[in-house]
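Residue numbers (this note's numbering): 293 to 1080.
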């Protein structure tokens, strides 16, 4: 009897401590926003109304005042909060959802995202609303209703609870909002430019609580190129050893350059100049970048200055430099002392006049590690750029060590992370195959614990995209889990992952989770990554999807489709099948069609009367290459040709195409995106290789892969661009065409790709991947010199 009484009393107490919103299909609560609600409170009210209607079929009224006999859900209207702080207070007689909001009171139209509040202004009442909706059982895994999970019910009550907190990270952002309108994207479907409507994309970001204190830290020093590159008096402001272009680095040891950067920062802090003018194109007009943060980041290339003053900052020997540069997936400190000495000099001067402001830097690529020979100023903040999705690589642990080193040397520094989710999908931006998905959710707890150890307070995730379209299926559930962990560090990634499969796939939870875990295991296994492969697109899918694994994956999908027979679960399994599995099977099938497209060509010998002059070379049919129309084969769409010959000392190449050139990209998008040819040379059909491009603008560039060093030799390039055609002639010393040279009678491995932006218009060997697939280099047999 006593046990029964205790149980009844417990049930009664539990009932009293719950707030009822909907009972038996009828509204017993009202959303109260006051007479003058902020924009944040208005959107929060609409979101609560929409979601509860989806769950219960009942639309709660939104009113300025409480209604007698109904539970008031008070949204917004409170003061006294710190930045981004919010309150969720659920009591049986009243619910309060409020937080720090910008005092903006314009009318919000729920159907028009342009009327929404900014995620980069205070909008913490929305944080309270989403916490509240999570308590009501809602989750948002991918954009649109298909990614929103809940359990339908005619009743809704929420247990008594009080939360008052601020987000764990003050800054939370990602760049690619252009989700495909179908949610998934095929990397080969370049012509499909249909995007998800902006309202859905914006709501998805709000629901993930992306936002906070906006601090844009990106390649800003392009502003020097924009303002000063054509000024002859400032030629020495730019990196010595290269022609001045819109991509040039600046001379980091030049006192005049340092003085200009100090002036730019002070003028920005004083409101005299726009962020766009002094920090480059990432700072578009209207961007709500922190007015007390000035960003200094080099251009995105390794062409650092070679002058004597800059060379003094070299802290690595040539052997160390080559070793570090050739370690794919690992950020280094090869140029840290050079760049950070410049940034430090600027920060030191700016601190004198603006002690409450900060200089923001990226720790990126060859300047990712702290400087060796000096300490950074106290007014510097860092965003560490780390490819931590590469859990299969020995570099994964090394990158964690870089983060530890920053914390060890600068425990009080404000530190953010730029988290590269974009690999391997970013490789498809040059027409590559759909990659094997880089699933790694099981590693996120370890990664975020490392962030905790480095006192990270901001997170930028460069999410997956196929061409210009974000592909959320390649980041599910990683994307959702990361943002929940960034918002609330009390959460555990493992629990969020388990919850995802249970909520999202329902009855198909088990086979879909088994599919994911097998894919994650294969992606994370270093044995699946051949040595000397520097680019993801060079790895065949068959290394991951063996016949045995193919059978397992197919079995999981068959089982999932049998279990998920109705409703959103069926739709989600079908979406995954279309947007991931079918694409992988298509890529696997194509592997068996590639062999016939491999080619060999004999490069004939002739005696050049003017050695080294390609316009005096002799061309005949034997050295003419048969070209394909794209990276997956097909016919060319316009007359285009490559012809080769050699004279025992030089390799000669002639390029010709007949078409209207008025729309060619000339000095528009950069060295590797304007109209031109990308050429690849190697001693074997594998890494390392030498890459060069020749552009219709008349420029050319060289780089060695994977070391990313710039070879120093002279090649002869003649350019002939007219209205109806483009011809180019190239002479490359055989002693320099590959490291160590090549001789007549030997085989040179080669490919040529006619490129414009991210599209291949013609190629010699279809790669069925991206541009960087040395396993698909064809063979050029250099005819011996007669009598030798």
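Where is the CB? At the ideal position from N, CA and C, for every residue including glycine.
| Asked | Found |
| --- | --- |
| Inspect the beta-carbon positions of residue 934 and residue 917 and report whether they are closer than 8 Å. | yes |
| First and last residue of the beta strand (DSSP E) that includes residue 654? | 650-655 |
| Using the beta-carbon count (16 or more within 10 Å), is residue 511 buried or exposed? | buried |
| Would residue 811 pass as a contact of residue 729 if the rule is Cβ separation under 8 Å? | yes |
| Are the beta-carbon atoms belonging to residue 710 and residue 682 less than 8 Å from one another? | no |
| Quick check on residue 930: buried or exposed, where buried means 16 or more other Cβ atoms within 10 Å of its Cβ? | exposed |
| Which of the three DSSP states is assigned to residue 1051 in this structure? | strand |
| Give the DSSP-derived three-state secondary structure of residue 968 in the structure shown. | strand |
| Whose C-beta lies closer than 6 Å to the C-beta of residue 739 among residues of the same chain, with five residues either side of it excluded? | 680 |
| On the CB-based measure, 16 or more other CB atoms within 10 Å of its CB, does residue 598 come out buried or exposed? | exposed |
| List the DSSP bridge partners of residue 709. | 676, 751 |
| Tell me which residue opens and which closes the beta strand (DSSP E) that residue 933 is part of. | 932-938 |
| Per the DSSP calculation, residue 949 is bridged to which residue(s)? | 932, 1018 |
| Can you say whether residue 693 is buried or exposed, counting buried as having 16 or more other CB atoms within 10 angstroms of its CB? | exposed |
| Less than 8 Å between the C-beta atoms of residue 384 and residue 426, yes or no? | no |
| Looking at the structure shown, is residue 468 part of a helix, part of a strand, or coil, going by DSSP? | coil |
| Inspect the beta-carbon positions of residue 751 and residue 733 and report whether they are closer than 8 Å. | no |
| Any idea if residue 620 is buried or exposed, counting beta-carbon neighbours within 10 angstroms, 16 or more meaning buried? | Summary for residue 620: the model assigns pLDDT 49, below 50, so the residue's position carries little reliability; its value from the coordinates is reported in the next sentence. Burial call: buried. |
| Round the Cβ separation of residue 747 and residue 703 to the nearest angstrom and send it over; I've been treating them as touching at under 8 Å. | 7 Å |
| Out of 911, 941, 977, 660, which has the shortest C-alpha to C-alpha gap to residue 947? | 911 |
| If distances are taken between C-alpha atoms only, which option among 556, 580, 1035, 1041 comes closest to residue 571? | 556 |
| In angstroms with no decimal places, state the Cα-to-Cα distance between residue 965 and residue 603. | 30 Å |
| Please name the residue, chosen from 409, 310, 364, that lies closest to residue 321 on a Cα-to-Cα basis. | 364 |
| Enumerated in chain order, which unbroken segments of the beta strand (DSSP E) with a length of 3 residues or greater are wholly contained in the segment 982-1028? | 992-997, 1008-1013, 1017-1025 |
| In terms of residues, what are the limits of the beta strand (DSSP E) holding residue 586? | 585-587 |
| Three Cβ pairs or more, each shorter than 8 Å: is that satisfied between the segment 779-792 and the segment 452-467? | yes |
| Compute the Euclidean distance between the alpha carbons of residue 605 and residue 629, then round it to the nearest angstrom. | 6 Å |
| Grouping DSSP H, G and I as helix and E and B as strand, with all else coil, what is residue 381? | strand |
| Identify whether residue 781 lies in helix, strand or coil by the three-state DSSP scheme. | coil |
| Among 403, 707, 594, which has the Cα closest to the Cα of residue 999? | 594 |
| On the DSSP letters alone, give me the boundaries of the beta strand (DSSP E) that residue 562 sits inside. | Where residue 562 is concerned, there is no enclosing beta strand (DSSP E), given that its DSSP letter is neither H nor E. |
| Would you check if the distance between the CB atom of residue 707 and the CB atom of residue 698 is smaller than 8 Å? | yes |
| Write down the C-beta distance between residue 1040 and residue 973 rounded to the nearest angstrom, noting that I regard them as a contact closer than 8 Å. | 6 Å |
| Are there three or more Cβ pairs, one per stretch, closer than 8 Å when the segment 972-991 is compared with the segment 1064-1071? | yes |
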